[in-house]
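J.: According to mature numbering (1 follows the signal peptide of the UniProt record, and there is no 0), the sequence shown holds residues -18 to -1, 1 to 348 in order. The C-beta atom is built at its ideal place from N, Cα and C for all residues, glycine as well. The structure displayed is predicted, hence computed values, not measured ones. Shown below is the structure under consideration.
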Amino acid sequence: MKFFTLILLLIIPIVSLAQNCDCLVNFDYVVESITKNYAGFNDKVKSKNWEEFLTFTQKIRNKSKFTSGFDSCYVNLRNWVDYFHDHHLRVQLDWKFRKNNPDVAKRLNKLFGKSNTIANGSENLATATSLKILDSTTVLLRLPSFEWSEKKIIDSILHVHMKDFDQRSNLILDMRGNSGGTDYAFNGLMPLIYSLPIKVKPDEYLSTQENIRILESNLSEEGISSSAKDFLNQVILLMKTHPGTFVNPSGKDFFEITLDSIYKYPSRIGILIDKNTASSAESFLLMAMQSKKVTVFGENSAGMLDYNNTQFFDIPCKNLNLVIPIGRSKRLPEQPIDNIGIKPDVVFDSKVTNRIELIRDLLNKQ
């Protein structure tokens, strides 16, 4: 595939990184960056579909030569990136552009079916992390996000309400619409869920010059923890030592998470998911579903986990962002999640209402 990649790059001239919204310049940058740095490229483009891919790429490149409008160029770029069917890999509108041009952003996003969290069963979903005591047996914890900003909130709630968990047999985690963030955000939940050692497939990272440069720039980000810096330095060193290959910081095909104790309560945990439960929220599901305490309810999750560790690349047009996953899971190719999702233990029909109450009743019957 390196030979095929070289052929593709020969048809794309080297572009200047100065700010430039010329469509062809940005198209060439996107193609080159994804071809070289995307962890899923060689999994998605193989000898059997190489000619198809090359024809498709050349078609959109020719179209981009004569595309002058920003809207049309954005459509070209999105159409090309969508070839890979990976929601982590994306060209998106920059947040400043969206803020200054809300009508344009709304119109463009509508073209690609961008949807916000959908409340199934006609239920309104709370957008803030929160806890509610439903009754003497059940605690409800709403988890709409695993973004970095949520970690402190989740950990604080767990600390303040630990006695409520200790006194009740049921815990319901409402994770509908949780589009992920970081695995660090849910670390505090693991002792409540744990019932036996949890097997985890680690991630591996594609070593390229640009991926190394971006990770090195991440080291200077404000608020980065010392443990995160140590991990990044480990990955960077491995990348520099093994250029052009995937590196696995864990050095293992899988590892186990083992805790010192198993909490008596909660003894029954219901996790409610929907088609918008994605990314690191799915990572949490894969671990949680190994617990004897856990039953997952709802519908298949989003299927957005195989290629990860997304990084922002310096696309010439600053009205846009180019986001590329540089990592992939060691679950592949045997256990893919992308575009499939994680199936719940108990599937809810779309017509089911009062899902929280239903889960509480079902947990009480276990």
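For V27, does the count of other Cβ atoms within 10 angstroms reach 16, so buried, or fall short, so exposed?
T.: Reading the sequence shown from its first residue, position 45 is the one you call residue 27. Buried: at least 16 other Cβ atoms inside 10 Å.
J.: Please report how far the alpha carbon of residue 408 lies from the alpha carbon of H67, in whole angstroms.
T.: No answer is possible for residue 408: the residues shown for the chain start at -18 and end at 348.
J.: Using the Cβ count rule (16 or more neighbours within 10 Å means buried), how would you classify V217?
T.: Here the question's residue 217 lines up with position 235 in the sequence shown. Per the 10 Å Cβ criterion, buried.
J.: Mind reading off the beta-carbon distance from I324 to S283? Whole number of angstroms is fine, and I expect it under 8 Å.
T.: Taking the sequence shown and counting its residues from 1, one reaches residue 324 at position 342. Taking the sequence shown and counting its residues from 1, one reaches residue 283 at position 301. So it is a contact: roughly 4 Å between Cβ atoms.
J.: Identify whether L178 lies in helix, strand or coil by the three-state DSSP scheme.
T.: Stepping through the sequence shown from its first residue, residue 178 is reached at position 196. Three-state result, L178: coil.
J.: Alpha carbon to alpha carbon, what distance is there between D85 and V182?
T.: Along the sequence shown, read from residue 1 onward, the residue named residue 182 stands at position 200. Along the sequence shown, read from residue 1 onward, the residue named residue 85 stands at position 103. Rounded to the nearest angstrom, the two C-alpha atoms are 43 Å apart.
J.: Per DSSP, which residues does R250 bridge with? Please list them.
T.: To locate residue 250, count along the sequence shown from 1; it is residue 268. R250 is bridged to N152.
J.: Under 8 Å by Cβ, that's how I've got L160 and L125 pegged, so tell me the actual separation to the nearest angstrom.
T.: Numbered from its first residue, the sequence shown carries residue 160 at position 178. Numbered from its first residue, the sequence shown carries residue 125 at position 143. According to the sequence displayed, residue 160 carries Asn and not Leu. N160 to L125, Cβ: 6 Å. Contact.
J.: Using only the alpha-carbon positions, how far apart do V328 and D212 sit?
T.: Working through the sequence shown from its first residue, we reach residue 328 at position 346. Working through the sequence shown from its first residue, we reach residue 212 at position 230. Their Cα atoms are separated by approximately 40 Å.
J.: What distance in whole Å lies between the Cβ atoms of C55 and N8, which are believed to be in contact at a cut-off of 8 Å?
T.: Taking the first residue of the sequence shown as 1, we reach residue 8 at position 26. Taking the first residue of the sequence shown as 1, we reach residue 55 at position 73. Correct: roughly 7 Å between the Cβ atoms.
J.: Per DSSP, what kind of secondary structure is E233 in: helix, strand or coil?
T.: Residue mapping note: residue 233 aligns to position 251 of the sequence shown, counting from 1. Checking the sequence shown, residue 233 turns out to be Gly, not Glu. In this structure, G233 counts as coil in the three-state DSSP scheme.
J.: What residues in its chain sit with their C-beta under 6 Å from that of T240, if we drop five residues either side in the sequence?
T.: The sequence position of residue 240 within the sequence shown is 258, counting from 1. Here the set comprises P179.
J.: Under a Cβ-count criterion, where at least 16 other Cβ atoms within 10 Å of its own Cβ denotes burial, should N82 be classed as buried or exposed?
T.: For the purposes of this step, residue 82 is identified with residue 100 of the sequence shown, where counting begins at 1. So N82 counts as exposed.
J.: How is the beta strand (DSSP E) around P307 delimited, first residue to last?
T.: On the sequence shown, position 325 is the one that residue 307 refers to. P307 -> beta strand (DSSP E) spans 302 to 311.
J.: Just curious, the alpha helix (DSSP H) that S138 is in, first and last residue?
T.: Numbered from 1 along the sequence shown, position 156 holds the residue referred to as residue 138. From DSSP, the alpha helix (DSSP H) with S138 extends over 130 to 142.
J.: Taking only the alpha-carbon atoms, compute the straight-line gap between R60 and R72 and give it to the nearest angstrom.
T.: Within the sequence shown, numbered from 1, the residue matching residue 60 stands at position 78. Within the sequence shown, numbered from 1, the residue matching residue 72 stands at position 90. Answer to the nearest angstrom: the Cα atoms are 7 Å apart.
J.: Can you pull the DSSP bridge partners for Q74?
T.: The count along the sequence shown starts at 1 and reaches residue 74 at position 92. Q74 pairs with N303.
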